[in-house]
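Residue numbers (my numbering), protein chains in the order written: chain A, 1 to 381; chain B, 1 to 326; chain C, 1 to 324; chain D, 1 to 264.
Below is one structure, written out as structure tokens; comments come after it.
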Amino acid sequence: MTTATTPTADAAVPAAGPGGAVIEASGLTKRYAGASRGTVTALDGLTLSVPAGVIGLVGANGAGKSTLIKILLGLLAPSSGSAAVLGYDVVDQAQRIRTLVGYMPEHDCLPPDVTATEFVTHMGRMGGLPPTAAKERAAESLRHVGLHEERYRLIGTYSTGMKQRVKLAQALVGDPRLMLLDEPTNGLDPAGREAMLDLIERIGAEFGISILVASHLLGEIEQICDSLVAIDAGKLLRAASMSAFTKASAVLAVEVDEGSAQLGAALKAAGLEPRRDGRALLVRLGTSEEESDRVYDAIRDAVADLGLPLNRLERRRHRVEELFADEAFDEFERAYGAAGGAAESSVSAPAADSTSGDPDRSTESTDSDPGTTGSETADDH
Amino acid sequence: MTIDNIPAQRDAAAAAAANGGPAEIVLDNVTHWYGNVVAVNDITMTIGPGVTGLLGPNGAGKSTLLHLVSGFLSPSRGTVTVAGQRTWHNPDIYKVIGLVPERDSVYAFLTGRQFVTATAKLHKLPDVGAATARALAMVEMDTEAADRRIDTYSKGMRQRIKVAAALVHEPRVLLLDEPFNGMDPRQRMHMMDLLHRLGDSGHTIVFSSHILEEVERLSGTVQVIVSGRLAASGDYRTIRRLMTTRPHVFQVASSDDRALGAALIGRPSVNGVELTPGGGLEVRAGDYGTFSRELAAVAREQGVRLRAVLPADESLESVFTYLVAS
Amino acid sequence: MTTDTATAGPGSGAANPSGVIHDIGYRTYDGERIGRLGIVRALYWHSLRSAWGLGRGSKAKIVPFLALVIMCLPAVANAFSVSRTGIRAIAYDEYMFSFQLVLVLYLAAVTPELISRDLRNRTLPLYFSRQLRRTDYPLAKVSALITAMLGLTAIPELLLYIGTIGSRHGASEVWHETRAFFPGLLLAVVYSVSFAILATLLACYTGRRAFATGAVAVFFFGTWVVSSALVHLTGFRPHYHHGPDGTGYFVKPGDPGIGPKISGLLNPANMIEGMKEWIVGRAPENSEIPYPGGFGAVNLAVLVGLCALALFLLMRRYQKASLL
Amino acid sequence: MPTVFHPTIAAITLRGLLGRRRSLLIALPPALLLALTIGLRASTNINSSHDFGWPGVVLGQIGLVTLLPLTAMIIGTSVLGTEVDDSSILHLLATPVSRATVLTTKWIVASAATLVFAVVPIAIAAFIGTSGYVDNPGPLDMTFMPIKGDASEAVGVIVAAAVGAVVYSAFFLFLSVVTKRSVAVTLIYILVWESLLTRQVSGLRLLSIGQYELGLADQIGHLPNLGAHLTLGTSVVMSVAFTLFALIYGTRRLQSFRVSGEAA
């Protein structure tokens with residue numbers, strides 16, 4: 001019995017643009033005039049349309065996630081193309097958008113020498129709440145993010161996890177219709193990460209707030225998101241509903257605590273082609289159901305015959321992460337390219353050939369993002 | 001990349017042997033407090049060659065522990081030694097130790113090569129040029145990037161250049177504070193690979209982290225710090241097995257969950273079976289070893305096809321959660 | 001909330017035992033929003049409090065209140081002096097100039113807190129992701145600093161006034177005192193406005209508190225020393241007159257020329273003093289600053305121009321994308 | 001005995017210190033001093049008694065007492081303080097180099113930079129300002145002591161400035177090891193201690209670096225309007241004592257350097 005109104009209930013606030021999209025972009029391009037290394041293209045003709053809900057935005061460091069978020073907030077002007085948030089244009093109606101959106105930046109943004117309560121209250125005031133409402137909502141937001149007794153302590157004494165919660169609380173305090181969260185689990189320990197993800201999921205489901213979560217930890221995106229946008233080197237890699245991404249794959253992973261080699265041999269003898277991957281043996285399932293069932297049985301029997309301690313048997317889930325590894329991506333495309341099509345909500349899905357093997361290639365481009373670096377160094381030298 | 005590609009590494013291992021064998025990190029009843037806050041509480045541990053992960057929730061005392069080992073904090077009580085020498089007030093210890101600090105604080109106005117070269121000079125190495133080249137090669141930064149200013153580097157490159165600087169004097173011990181923080185999976189895999197190679201070549205590698213996937217993949221031993229205390233050490237799977245008071249939980253999916261469940265509940269190794277609403281079984285096994293050996297056979301007996309067996313709580317993450325909770 | 005049993009009378013609860021699980025889940029906010037102006041006002045008040053270390057740790061209060069105490073000491077001393085001997089310790093319109101180093105110290109300590117801290121902690125993106133326009137932020141900050149400076153400048157002037165009229169008798173004496181007080185108060189305003197604007201501009205280019213502190217101090221202190229020395233050297237270089245009998249005496253030049261007037265423009269305080277002399281029209285020999293005559297208009301124009309330029313640069317600084 | 005100077009540390013420190021923007025900022029005040037001196041010299045007739053007195057004011061009150069400490073402050077608090085602030089100092093301290101060497105090297109670099117940015121301009125200004133003066137009475141300080149114009153005044157100012165650069169650098173460097181807010185403390189020292197208190201309370205002059213300089217300058221080559229109060233012996237002894245204290249105690253603090261930041 002949540003009292004949360006869905007965005008559409010409020011007539012004055014269009015919850016979404018045409019077609020129920022909370023975020024739309026068309027041909028969105030952002031180039032930075034790099035000081036030392038020419039022009040850097042952070043976003044390259046991005047076209048997408050994202051429905052309400054919890055939306056994952058994945059990409060390697062430097063793929064353009066932060067740039068996209070800043071453009072959506074109207075903090076950066078696109079070089080070309082257009083985008084709309086909740087039906088408002090990011091250039092002409094940025095002010096309007098910012099009254100409806102809560103933003104949690106990736107970087108540290110908290111002053112160490114004030115208490116969480118003071119800070120969130122202040123940010124509530126900055127979001128347009130009257131003093132009393134700001135105090136109440138700050139307390140509420142901090143409660144929702146799980147900071148209670150500690151909220152009167154100085155932020156400087158907080159752990160990373162607590163700071164992340166404060167960052168989330170300040171984004172939540174103004175009762176936004178959409179939250180843009182940039183790497184919300186960065187630097188969190190497992191418990192903190194879990195709590196943060198639960199919270200985001202809950203905000204999305206119970207509070208009726210749409211959430212765009214940028215992350216490079218793909219596991220967590222899989223866990224909480226309804227749909228997903230994957231970008232690489234400023235280009236759209238893929239946009240689809242979550243189920244299309246993480247469907248179980250046609251590969252079975254078997255782990256035994258000992259006798260892995262014996263099992264491998266036994267499976268080979270049974271006509272399968274096991275492949276080692278770390279502790280696991282990977283076995284391809286058949287194309288038909290009967291064929292697959294035979295594989296299941298063969299594994300069961302091999303394990304039972306050898307009396308091995310079976311630790312794990314599962315269909316390898318497609319990890320979104322694999323989108324970014326060339327080889328795995330190809331496999332992914334082969335297996336799911338067709339299946340994903342139906343669920344796809346995006347217009348364009350450029351080929352992945354832009355992904356190269358150099359692990360740092362794309363990253364370098366954004367670290368030179370003039371918005372995030374340089375200013376401090378330039379000031380100080 | 002295999003070890004053979006880097007002859008220098010074998011040299012390092014050989015050098016390590018020549019310098020008196022592998023360097024051990026020994027903490028003996030170490031306590032450290034800031035004001036009234038006890039950050040590290042009576043920790044005794046020995047860390048030998050190989051890759052060791054220092055795990056713990058945020059604020060558990062991992063950084064404090066690393067700083068104690070690296071000689072940037074004094075133990076309030078107890079002793080910290082590396083290769084037999086105390087670390088506090090002993091700059092000579094840095095002949096043995098290489099340190100990669102957490103903060104992104106490098107001399108951003110230098111090029112990567114200049115930074116590593118300067119570090120080599122500070123260590124008074126006989127052949128600075130060769131040492132620099134070797135260190136850069138080790139982290140695969142012997143590219144044109146080495147001659148760019150560090151402030152143009154990505155997060156991953158910064159970390160790697162810091163590792164190169166920390167390795168330039170061929171230390172036997174390498175300490176890394178949160179080396180994976182802020183890295184994306186690609187960058188992380190790269191760094192893990194590097195640490196692996198170093199660990200395999202006889203170095204003592206200690207890194208702190210709170211992202212457990214990394215540690216799982218690095219498959220080294222872990223030292224788990226919770227609230228300033230050493231909660232567990234060793235292989236994390238072994239640690240889990242040691243927690244006998246907690247039944248192991250498995251998610252099982254099969255062609256006939258009811259039949260399988262009924263058969264399993266009769267087994268002494270199984271404490272409880274529950275049908276999960278969405279399909280599948282949740283099995284709580286009191287005796288892990290027996291259960292895992294029985295399961296396939298029981299399924300076969302019942303003519304049930306096993307579709308999935310998932311240890312629900314065996315990830316390092318749940319081990320960790322248990323340790324933190326207890 | 002109509003379902004809230006807390007509103008039921010004490011008797012009804014016993015007679016009609018009932019339980020309610022109240023919803024403490026997420027609540028939307030449908031209440032009033034204060035709008036952009038309200039937000040700017042809120043930021044202004046918040047910054048004003050910060051400028052006096054209020055709502056922050058006790059350490060943050062040391063310098064502001066130390067500065068205030070030092071500023072007020074002469075006024076207190078004056079109250080004693082006037083009541084005992086009738087002699088005024090310090091004039092209203094010399095107060096600020098004489099104690100400008102205290103103002104500089106205050107600004108050097110406080111401006112970085114107000115300006116550089118948000119740059120350093122990278123809090124600005126949080127502000128700019130809300131309704132605030134880019135210009136609203138620096139305007140609110142500068143206004144707050146000006147107001148804070150007024151506390152430091154006007155309170156001592158006021159104390160000086162109160163302490164003096166306490167010993168004055170008769171309406172005409174009080175009126176005379178009051179007429180002298182208002183230019184002093186006006187001067188306090190001028191000092192507060194110009195110093196605050198310039199200090200804010202200096203601080204907004206760096207997130208490092210140390211650099212901002214240094215920049216503010218070096219600017220105000222350095223230019224003051226240089227400007228004063230130049231004013232002194234070019235304006236009060238007495239002419240040594242050799243008499244016919246071999247003795248000599250000093251004469252002060254009647255018209256010091258353009259040198260000291262120009263020199264006065266090198267420092268905000270000296271600039272303000274020159275302007276004041278022009279407006280008040282006081283005799284030059286009593287002052288540190290030579291009588292500028294009509295040149296005072298130039299002082300005024302330069303001061304206004306300088307502040308306008310500083311404000312312009314300040315606004316431009318906060319348009320930069322690199323702040324995000 | 002550890003080495004006093006380590007070229008690599010010096011090189012890194014210099015690179016960090018002399019970024020483009022910062023060296024411009026540091027170079028601005030001395031440029032102003034030179035412009036001022038040249039302007040005054042050009043606009044006044046050295047053979048007339050009119051211009052008398054300005055060299056003492058410009059060299060002493062502006063050069064020695066203001067420009068020098070402010071330059072030394074900017075340089076002295078940043079050669080080490082900046083690195084401590086962003087903890088890049090860890091890279092330096094995590095080497096077998098002795099901490100004493102780190103400190104003395106930083107001190108030498110700071111002194112050298114202060115020499116270049118403050119003492120050299122002051123020296124040039126001193127020669128421009130005092131050469132060629134003959135037998136002019138000094139009406140401003142009423143001492144009627146003439147500038148001899150034999151370069152002894154310039155030498156006095158230069159020696160004083162050089163000593164001042166060294167002592168200030170040691171002291172401000174020391175402050176940056178001891179406190180995180182070294183700039184604020186340094187500023188209070190310059191603005192409140194040297195500029196206000198020691199001028200009012202004569203006993204405090206014994207603890208003011210600015211006064212040692214003035215004492216030195218005055219004893220070597222008297223210049224009117226310097227406002228010197230201390231004798232040569234006191235100035236020298238106190239300068240040495242100040243420097244030694246700052247270096248020794250600073251080294252001890254650096255040897256016990258602890259990383260800060262409790263929250264992990």
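Using N, Cα and C, we set each Cβ at its ideal position, and we do this for glycine too.
Computed from a prediction, not measured in an experiment: that's the story for all the values here.
Can you pull the DSSP bridge partners for residue i?
i: Val98 of chain B; result: The sequence shown places Gly at residue 98 of chain B, not Val. Answer by DSSP bridge pairing, in chain order: B:Leu174.
i: Pro51 of chain A; result: A:Ala21
i: Met45 of chain B; result: B:Leu27
i: Pro105 of chain A; result: None; Pro105 of chain A has no bridge partner.
i: Leu132 of chain C; result: Partner(s): none; Leu132 of chain C has no beta bridge.
i: Phe207 of chain B; result: B:Gly53 and B:Leu176
i: Leu81 of chain B; result: Note on residue identity: the sequence assigns Thr, not Leu, to residue 81 of chain B. B:Val26 and B:Arg86.
i: Thr111 of chain B; result: B:Arg149
From the beta carbon of residue i, is the nearest beta carbon of chain E less than 8 Å away?
i: Pro268 of chain B; result: Of the chains in the structure shown, none is chain E; the protein chains are A, B, C and D.
At a CB-CB cut-off below 9 Å, which residues of chain D make contact with residue i?
i: Ala108 of chain C; result: Val183, Ala184, Leu187 and Leu191
Determine, for residue i, whether the minimum Cβ-Cβ distance to residues of chain B falls below 8 Å.
i: Tyr103 of chain A; result: no
i: Ser23 of chain D; result: no
i: Gln61 of chain D; result: no
i: Ala261 of chain A; result: no
i: Ala264 of chain D; result: Note on Ala264 of chain D: pLDDT 33, under 50, position unreliable in the model; the coordinate value appears next. Yes, Ala264 of chain D lies at the interface with chain B (some Cβ there is under 8 Å from its Cβ).
i: Val259 of chain D; result: yes
i: Ile12 of chain D; result: yes
At a CB-CB cut-off below 8 Å, which residues of chain B make contact with residue i?
i: Gly16 of chain D; result: Tyr107 and Phe109
Given that residue i touches chain C, what residues does it touch there, using C-beta distances under 8 Å?
i: Val57 of chain D; result: Ala229, His232 and Leu233
So what's residue i in DSSP terms, helix, strand or just coil?
i: Phe195 of chain C; result: helix
i: Met196 of chain A; result: helix
i: Met142 of chain D; result: Per-residue confidence for Met142 of chain D stands at a pLDDT of 41, beneath the threshold of 50, marking its modelled position as unreliable; the derived number appears in the next sentence. It is coil, neither helix nor strand.
i: Arg284 of chain B; result: strand
i: Leu306 of chain C; result: helix
Interface residues of chain A around residue i at Cβ under 9 Å?
i: Gly38 of chain C; result: Arg125, Gly128 and Pro130
Return no unless some Cβ of chain D is closer than 8 Å to the Cβ of residue i.
i: Val104 of chain C; result: yes
i: Thr200 of chain C; result: no
i: Ala15 of chain B; result: At Ala15 of chain B, the pLDDT of 48 sits below 50, so the modelled position is not reliable; the number obtained from the coordinates is stated separately. No, Ala15 of chain B lies away from the interface with chain D (no Cβ there is under 8 Å from its Cβ).
i: Thr132 of chain B; result: no
i: Phe342 of chain C; result: There is simply no residue 342 of chain C to check, as chain C begins at 1 and stops at 324 in what is shown.
Would you say residue i lies against chain A (beta-carbon separation less than 8 Å)?
i: Gln131 of chain C; result: yes
i: Gly57 of chain C; result: yes
i: Leu306 of chain B; result: yes
So which residues of chain C does residue i contact, with C-beta pairs closer than 9 Å?
i: Leu40 of chain D; result: Leu230, Leu233 and Thr234
i: Pro121 of chain D; result: The contacting residues do not exist; Pro121 of chain D stays about 13 Å from chain C at best.
Are the C-beta of residue i and some C-beta of chain C separated by less than 8 Å?
i: Thr265 of chain D; result: The question about residue 265 of chain D has no answer, for chain D in this structure spans 1 to 264.
i: Thr41 of chain A; result: no
Taking residue i as the query, report the chain C residues whose CB atoms sit under 7 Å from its CB, ordered along the chain.
i: Leu32 of chain D; result: Val226
i: Met73 of chain D; result: Gly214
In chain D, what lies closer than 7 Å to residue i by C-beta?
i: Tyr94 of chain B; result: Ala94, Thr95 and Pro96
Quick one: which residues of the stretch 193-218 of chain D get their C-beta closer than 8 Å to a C-beta of chain C? List them in chain order. Ser195 and Leu196
Closer than 9 Å, Cβ to any Cβ of chain C: which residues of the stretch 78-109 of chain D, in chain order? Ser78, Gly81, Thr82 and Asp85
Any residues in the stretch 67-87 of chain A with a beta carbon nearer than 7 Å to a beta carbon of chain C? Which ones, in chain order? Lys70, Leu73, Leu75 and Leu76
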